[in-house]
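Our numbering numbers the first residue of the sequence shown as 21 and each following residue consecutively.
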Amino acid sequence: MHASKTYQLLAVLSTLSVAVWGCRKDVQEFIPYKPVLENLDQLLLQTPDPTTRSVFQFGGAVIPDTILTSTSGVRVFLADTENLFADNAGTPVPCSTCPSLKVEVTTVLRKGDFLARKLPTSTYPDSEMLESAGAVQVRVLCGNKELQVLPSRYLKVQIPTASTNQSNMTVYTGVLDAEKNLSGWSDTNEPAFLAKWPLPGSGDQQDGYELIIPQTGWSNCARPLNEQSSSFCVTLPEQFTALNARVFLVFKNNNAIAELTGDDESSEFCFPQAPLGYPVTIVVVGKTGEQYWLTNLFTEIGTNVQLSVTPVPMQEQDLLNFLKNL
21 MHASKTYQLL AVLSTLSVAV WGCRKDVQEF IPYKPVLENL DQLLLQTPDP
71 TTRSVFQFGG AVIPDTILTS TSGVRVFLAD TENLFADNAG TPVPCSTCPS
121 LKVEVTTVLR KGDFLARKLP TSTYPDSEML ESAGAVQVRV LCGNKELQVL
171 PSRYLKVQIP TASTNQSNMT VYTGVLDAEK NLSGWSDTNE PAFLAKWPLP
221 GSGDQQDGYE LIIPQTGWSN CARPLNEQSS SFCVTLPEQF TALNARVFLV
271 FKNNNAIAEL TGDDESSEFC FPQAPLGYPV TIVVVGKTGE QYWLTNLFTE
321 IGTNVQLSVT PVPMQEQDLL NFLKNL
């Protein structure tokens with residue numbers, strides 16, 4: 021064979037070899053959905069109003085007993101701050117020893133904010149549904165070092181509400197997974213107390229609940245929905261999995277949110293203990309490529325419910341507007 025033809029044949033075989041290798045299923049060079057889910061979560065975090073987070077700065081001095089009032093009306097009481105906090109090793113840290121002390125207070129009162137911040141109102145590990153009067157996260161930082169409440173101490177927090185018609189609320193603390201995401205809530209068995217306090221600049225009184233919380237991080241004022249429960253599952257079109265969609269049950273007459281869980285290979289999402297008889301809205305938020313998707317379907321929880329749901333395409337701003345009004 022002529023030398024130039026031999027080289028041409030080798031070049032063709034080499035090209036085919038690369039093409040065949042590139043089509044092998046066991047070679048995965050591009051995973052499209054993980055960034056999609058991260059982008060989706062970042063979009064959801066645009067839902068809460070900026071006033072739901074307040075930051076208080078102190079530095080290098082003894083902090084007298086004080087009440088921190090956030091822009092959303094939550095009040096955090098600091099008392100005996102020289103003997104209140106410790107570092108992650110358990111070593112006490114007097115506040116006066118921190119050149120820069122920061123207290124961050126984040127409040128979640130709306131169902132849309134529970135959804136956006138990935139804070140479903142269910143217990144861990146039992147998946148018991150809770151009705152919430154509001155959740156609050158308190159973070160305390162000495163410089164870049166996060167502080168914890170000393171074991172013998174606590175923080176007092178007051179959460180404002182429009183109504184205090186539930187007197188059997190208790191304090192739940194957030195349970196975090198290895199990636200610092202909330203897995204659910206754990207009951208402290210400590211009651212939440214009905215409270216009133218004066219509103220600044222007026223003679224009016226604010227109704228709310230008073231919580232004694234044993235730790236920093238997330239705390240929830242809530243009560244269990246003790247009705248009989250059943251599994252509740254939603255099946256989406258095959259292009260949606262846990263890598264690019266989130267599925268929720270948003271309770272109509274209760275401040276309660278359940279997140280249905282799936283996996284990376286299935287389009288089925290389930291919640292194991294949905295209380296029967298409650299009217300809910302199935303909310304699906306998804307993203308494929310640059311396209312957002314939404315389901316907003318009203319139903320009632322029944323026995324062993326299994327529903328097929330098809331999201332519809334949605335503009336980004338329309339999706340945000342829906343969540344802000346949830």
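Ideal Cβ positions, reconstructed from N, Cα and C, are used throughout, including at glycine.
Under 9 Å between C-beta atoms of residue i and residue j
i	j	result
Gln293	Ser250	yes
Gln178	Gly237	no
Asp133	Pro68	yes
Glu279	Gly297	no
Ser222	Val158	no
Cβ of residue i within 9 Å of any chain C Cβ
i	result
Leu327	Protein chain content of the structure displayed is limited to a single chain, and chain C is not contained in it.
Residue i versus residue j - alpha carbon distance
i	j	result
Leu161	Leu167	6 Å
Leu269	Glu285	22 Å
Asn316	Arg266	13 Å
Val156	Ala136	14 Å
Pro331	Leu314	5 Å
Lys200	Leu129	21 Å
Val195	Glu336	31 Å
Thr281	Pro299	20 Å
Phe78	Tyr312	42 Å
Pro244	Ser74	29 Å
Thr190	Val125	20 Å
Asn264	Asp283	10 Å
Thr193	Trp205	6 Å
Gly163	Gln326	50 Å
Lys165	Ala81	18 Å
Cys241	Ala198	24 Å
Leu340	Thr127	19 Å
Glu310	Leu346	23 Å
Gln225	Thr181	12 Å
Thr117	Lys272	48 Å
Gln48	Glu230	Note that Gln48 scores a pLDDT of 42, beneath 50, so its modelled location is shaky and nothing firm can be said.
Cutoff 6 Å; reference residue i; Cβ partners in own chain excluding five residues on either side
i	result
Asn274	Glu151
Pro114	Glu102
Thr184	Leu214 and Asp227
Asp85	Ala99
Pro295	Met149, Leu245, Glu247 and Ser249
Met21	Bear in mind that the predicted position of Met21 carries a pLDDT of just 48, short of 50, making it too unreliable to give a figure here.
Val56	Asn264 and Lys307
Thr323	Ser250
Sequence-distant residues of its chain with Cβ nearer than 7 Å to residue i (five each side left out)
i	result
Ser287	Thr255, Leu256, Pro257, Glu258, Phe260 and Thr261
Ile83	Leu98, Thr101 and Cys115
Lys344	Thr67 and Gly132
Asp107	Val113, Lys165 and Leu167
Same chain, Cβ closer than 8 Å to residue i, five either side skipped, listed in chain order
i	result
Tyr174	Ile232, Ile233 and Pro234
* Asked: Considering only residues of the stretch 217 to 299, which uninterrupted beta strand (DSSP E) runs meet the minimum length of 3 residues and lie entirely inside it, listed in chain order?
  -> You should have 225 to 233, 237 to 244, 249 to 255, 265 to 271, 277 to 280 and 288 to 295.
* Asked: Is the stretch 294 to 308 touching the stretch 163 to 179, taking contact as three or more C-beta pairs under 8 Å?
  -> no
* For the stretch 331 to 341 against the stretch 118 to 128, are there 3 or more C-beta pairs whose distance is under 8 Å? -> no
* **Given 8 Å, three or more beta-carbon pairs between the stretch 90 to 110 and the stretch 59 to 67** => no
* For the stretch 303 to 328, which segments carrying the beta strand (DSSP E) assignment without a break, of at least 3 residues, lie completely within its bounds, in sequence order? -> 311 to 320 and 325 to 328
* **Segments of 4+ residues assigned as alpha helix (DSSP H) that fall wholly inside the stretch 118 to 156** => 131 to 136
* Asked: Which parts of the stretch 181 to 205 are runs of the beta strand (DSSP E), unbroken and 3 residues or longer, counting only runs that do not cross its ends?
  -> 190 to 196
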